[in-house]
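Taking the numbering used here, I'd label the letters of the sequence shown as residues 44 to 412.
Just so it is clear, CB atoms sit at the ideal spot from N, CA and C, and this is done for glycine as well.
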Amino acid sequence: MDNKEKTLHVLGLSGGKDSAALAMYMRDNYPDLDIQYYFTDTGKELPEVIDFVNKLAGYVGKIVDPYEEVYTSNREKKDFDYHLRKHKNYLPSPQARWCTIQMKLVPFEKWINLKMEKEGYTKVISYVGIRADEPSREGFLTNTINSEYLTIKMPFREDGLNREDVFDILKKADCFADDEEVVSYRQLFVNQKTGEPKDPTDDEIEELMVSLVKQRNEDNNNRSNVSTELLRKIVEAKDSGKPGYYGWRSRSGCTFCFYQQKIEWLRLKEIYPEAFEEAKNYEKTVEEARADGTFYWLGKGTPLSSLESPERKAQIEQHHLKKFERLKKKLDRRRPNLLQIKVKVIDTDVMDDIYDEVEGGGACVTCYK
Ligand code: SF4
């Protein structure tokens, strides 16, 4: 072996569960590897994603942002708005996914090149959270990074870890143990007089959710309008060590990611009405800028405003519920072979299956893993 060889180990966090669990797994099982963890903040992330990444830093150590590393002095010139203008006001889409390339892959590539140049690395190993229960994927990570020096490793696949194992890792890490909503929720499972464990009634849970919704509304100047049903899913997600957004959305990534299902857009509106309005404003901007017609986040002819009427909303919710119920019946028949799901199935865990899409809905692992 060449003595001058110097290897840089990197692990990209998307804010999603698989990369987070992989980071924890690597820290716990391969402590001798000096891994550089990174998260590329597009500036359009959900607050829950940022919160989760901050909590992860408490577990795995420093997490760098390649965007900050390479655009230190002119970051604002390279943000989403800048790239939207550069792309002639075409919103990104599955067919033209310039957002991932320009806002994640290019900064990553520049950062790697900078490190190689300045710190003398000759090889890069990138650890990716593809699991043993997933189909093989090629060409999912890099843009033009030279494969002569970049190697992709998939420790979960090599070590035989599947989706259930990922959930176990997150549960054990319990990143949200000190979250106020989780603390109150867990108190319901303990008899406050005797200290013995107990199962709360549905009424007790509902009562707590009502007070947590009230609290959220106060904290948020009454701007959000989350239902107790949705908040319960968010709190249960955090209780199982996952970021809260897994209670309402199936993957990490930008607030306005076009890979969202309609039901997820509706929930975004419920929880973050301002982010939903921002997404609508982008549609208006590109409409005005493109006299020859435009694509919206949901594709041609479907602006987000078309989801908002009470009738359409009810229709989308019923359709989603029906498809989810149908999938649950199918899972019941096939379990445990399919998806290895042994416990309560929630829709966000199986969103891609509900809509017959491959996991990630076609999104790059850089965004959703
Ligand atoms: S999360 Fe979605 S919108 Fe954001 S960079 Fe990835 S594909 Fe693009």
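* Where Y228 falls, given that 16 or more other Cβ within 10 Å makes a residue buried -> As a working note, residue 228 is residue 185 in the sequence shown. With 16 or more other Cβ atoms within 10 Å, it is buried.
* Going by the C-beta, is P135 closer than 7 Å to any heavy atom of the ligand SF4? -> Taking the sequence shown and counting its residues from 1, one reaches residue 135 at position 92. Within the cutoff, so yes.
* Asked: Mind checking whether S143 and Y110 have CB atoms under 8 Å apart?
  -> One-based indexing of the sequence shown puts residue 143 at position 100. One-based indexing of the sequence shown puts residue 110 at position 67. As written in the sequence, residue 143 is Thr, which differs from the Ser given in the question. No, the pair does not count as a contact, with Cβ atoms beyond the cut-off.
* With a threshold of 16 other CB atoms inside 10 Å of the CB of Y73, please say whether the residue is buried or exposed. => Start at 1 with the first residue of the sequence shown, and residue 73 comes out as number 30. The residue is exposed, with fewer than 16 neighbouring Cβ atoms inside 10 Å.
* To do: Whole angstroms is fine: what's the gap from V256's alpha carbon to E317's?
  => Counting from one through the sequence shown, the residue named residue 256 turns up at place 213. Counting from one through the sequence shown, the residue named residue 317 turns up at place 274. The straight-line gap separating the alpha-carbon atoms of V256 and E317 is approximately 17 Å.
* Asked: Any chance the region 166-173 sits against the region 120-137, with 3 or more Cβ pairs inside 8 Å?
  -> no
* Asked: Can you tell which of K47, P90, S57 and G104 has its C-alpha closest to the C-alpha of D71?
  -> As a first step, residue 71 must be located in the sequence shown, where it is residue number 28. When only C-alpha atoms are compared, the closest one is G104.
* Assign K49 to one of three DSSP states: helix, strand, or coil. => The residue given as residue 49 occupies position 6 in the sequence shown. Three-state result, K49: coil.
* So K327 is in the alpha helix (DSSP H); what residue range does that whole segment cover? -> Position 284 of the sequence shown holds residue 327. P316 to A332 is the extent of the alpha helix (DSSP H) around K327.
* Report, in whole angstroms, the separation of the C-beta atoms of T391 and R292, which I expect to be a contact under 8 Å. => Residue 391 sits at position 348 when you count from the first residue of the sequence shown. Residue 292 sits at position 249 when you count from the first residue of the sequence shown. The Cβ separation is near 6 Å, so the contact holds.
* Just to confirm, does F21 get its C-beta within under 7 Å of one of the non-hydrogen atoms of the ligand SF4? -> A question about residue 21 goes unanswered here, because the residues of the chain that appear run from 44 up to 412.
* Asked: Looking at C-alpha atoms only, which residue of Q258, P137 and N205 is the closest neighbour of K343?
  -> Residue numbering aside, residue 343 sits at position 300 when the sequence shown is read from its first letter. Ranking Q258, P137 and N205 by Cα distance to K343 puts P137 first.
* To do: Quickly, what does DSSP pair V233 with across the bridge? List them, please.
  => As a working mapping, residue 233 is identified with position 190 in the sequence shown. Looking at the DSSP assignment, V233 forms a beta bridge with P240.
* 8 Å Cβ cutoff met for G284 and K373 -> Here residue 284 is taken as the residue at index 241 of the sequence shown, counted from 1. Here residue 373 is taken as the residue at index 330 of the sequence shown, counted from 1. For G284 and K373, no; Cβs fall outside 8 Å.
* To do: Within 10 angstroms of the Cβ of V96, are there 16 or more other Cβ atoms? Answer buried if so, exposed if not.
  => Within the sequence shown, the letter at position 53 stands for residue 96. By the neighbour-count rule (16 or more Cβ atoms within 10 Å), V96 is buried.
* To do: Report, in whole angstroms, the separation of the C-beta atoms of C297 and E88, which I expect to be a contact under 8 Å.
  => As a working mapping, residue 297 is identified with position 254 in the sequence shown. As a working mapping, residue 88 is identified with position 45 in the sequence shown. About 7 Å; that satisfies the 8 Å criterion.
* **Short Cβ contact (8 Å threshold) for L157 with V107** => As a first step, residue 157 is located in the sequence shown; it is residue number 114 there, counting from the start. As a first step, residue 107 is located in the sequence shown; it is residue number 64 there, counting from the start. No; because the gap between Cβ atoms is not below 8 Å, this pair is not in contact.
* Close Cβ partners of M146 (< 6 Å) along its chain, the five nearest in sequence each way excluded -> Along the sequence shown, read from residue 1 onward, the residue named residue 146 stands at position 103. Correct list, in chain order: T85.
* Asked: So does K121 have its beta carbon nearer than 7 Å to some heavy atom of the ligand SF4?
  -> Numbered from its first residue, the sequence shown carries residue 121 at position 78. No, the beta carbon of K121 sits no closer than 7 Å to any heavy atom of the ligand SF4.
* Does the beta-carbon of Q304 have 16 or more other beta-carbons within 10 angstroms, so that it is buried, or is it exposed? -> Here residue 304 refers to the residue found at position 261 of the sequence shown. Classification for Q304: buried.
* **Start-to-end residues for the beta strand (DSSP E) that takes in L193** => In the sequence shown, the residue the question calls residue 193 occupies position 150. From DSSP, the beta strand (DSSP E) with L193 extends over L193 to K196.
* **Option nearest V225 by Cα separation, candidates F319, W141, I248 and T237** => As a working note, residue 225 is residue 182 in the sequence shown. Nearest C-alpha to V225: I248.
* Asked: Which value, in whole angstroms, describes the spacing of the CA atoms of D245 and R294?
  -> Along the sequence shown, one-based indexing puts residue 245 at 202. Along the sequence shown, one-based indexing puts residue 294 at 251. Those two C-alpha atoms are separated by around 28 Å.
* Asked: Exposed or buried, which one is V269 when buried takes at least 16 other CB atoms within 10 Å?
  -> Residue mapping note: residue 269 aligns to position 226 of the sequence shown, counting from 1. It is buried - the Cβ of V269 has at least 16 other Cβ atoms within 10 Å.
* To do: For S169, write down the residues that DSSP places opposite it in a beta bridge.
  => The sequence position of residue 169 within the sequence shown is 126, counting from 1. Answer is V53 and I195.
* To do: Specify, as a first and last residue, the run of the beta strand (DSSP E) that F210 falls within.
  => Here the question's residue 210 lines up with position 167 in the sequence shown. Per DSSP, F210 belongs to no beta strand (DSSP E); it is in the alpha helix (DSSP H), R206 to A216.
* I think P286 touches E160, with their Cβ atoms under 8 Å apart; what is that distance to the nearest whole Å? -> Position 243 of the sequence shown holds residue 286. Position 117 of the sequence shown holds residue 160. About 35 Å separates the two Cβ atoms, so there is no contact after all.
* Take V278 and list the residues in its own chain whose beta-carbon comes closer than 6 Å to its own, dropping the five residues that flank it on each side. => Along the sequence shown, read from residue 1 onward, the residue named residue 278 stands at position 235. These residues qualify, in order along the chain: E224 and Y228.
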